[in-house]
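Shown next, in structure tokens, is the structure this report addresses.
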């Protein structure tokens with residue numbers, strides 16, 4: 001059996017350190033790659049591009065990413081678990097907002113939904129302005145949601 005080495009070291013642009021005690025053999029047949037699969041999963045400590053904290057990308061996570069979910073073998077997390085969760089939350093808020101804004105005949109319930117989504121986005125630190133901000137302000141003026149005043153104050 002070959003000595004474990006870090007496959008594709010170039011993919012870890014945010015590498016902080018390597019945890020050589022955390023090693024599992026990879027199963028190339030279960031992976032998504034073009035030339036050579038990942039021979040060894042080696043635990044690494046990475047730096048989050050958003051919050052700058054270090055986080056561990058464990059061998060179990062790697063096996064899950066590359067062999068169960070079949071993520072591309074060169075993909076690697078650039079954000080920590082918490083920041084990835086916050087990013088997913090923002091994406092989900094935007095999907096909900098797009099769906100409600102596409103409604104032809106809006107009701108008070110739709111306006112309240114827009115205000116609730118805007119509140120969630122603001123709490124996540126998202127700046128809402130421009131045409132989207134105008135639509136949200138218009139909805140907040142027509143809504144009876146408890147957060148309408150806060151949204152009107154913070155959306156430009």
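In this note's numbering, the protein residues as written are 1 to 156.
Using N, Cα and C, we set each Cβ at its ideal position, and we do this for glycine too.
Restricting attention to 48, 145, 58, the CA atom closest to the CA of residue 109 is found in 145. Cβ-Cβ distances below 8 Å link residue 57 to 43, 44, 45, 46, 76, 77 in the same chain, with the five nearest sequence neighbours on each side left out; the list follows chain order.
Within a 10 Å sphere around the beta-carbon of residue 64 sit fewer than 16 other beta-carbons, which makes this residue exposed. Using a Cβ-Cβ distance cut-off of 8 Å, the stretch 93-103 and the stretch 111-129 are in contact, since at least three pairs of beta carbons, one from each stretch, lie closer than that value. DSSP, read as helix, strand or coil, puts residue 87 in helix.
Distance from the CA of residue 22 to the CA of residue 40, rounded to the nearest whole angstrom, comes to 10 Å. Distances from the CA of residue 92 to each of 82, 152, 53, 121 were compared; the closest alpha carbon is that of 121.
Counting along the chain, the unbroken beta strand (DSSP E) around residue 44 starts and ends at 40-47. One thing to note: residue 17 has its Cβ no nearer than 9 Å to the Cβ of residue 51. Sequence-distant partners of residue 103 (beyond 5 residues in either direction) whose C-beta falls short of 6 Å from its own C-beta, in its chain, are 110. Looking at the DSSP output, residue 103 sits in no beta bridge, so it has no partner there. Excluding sequence positions up to five before and after residue 100, its CB lies within less than 6 Å of the CB of 110, 113, 114, all in the same chain and listed in chain order.
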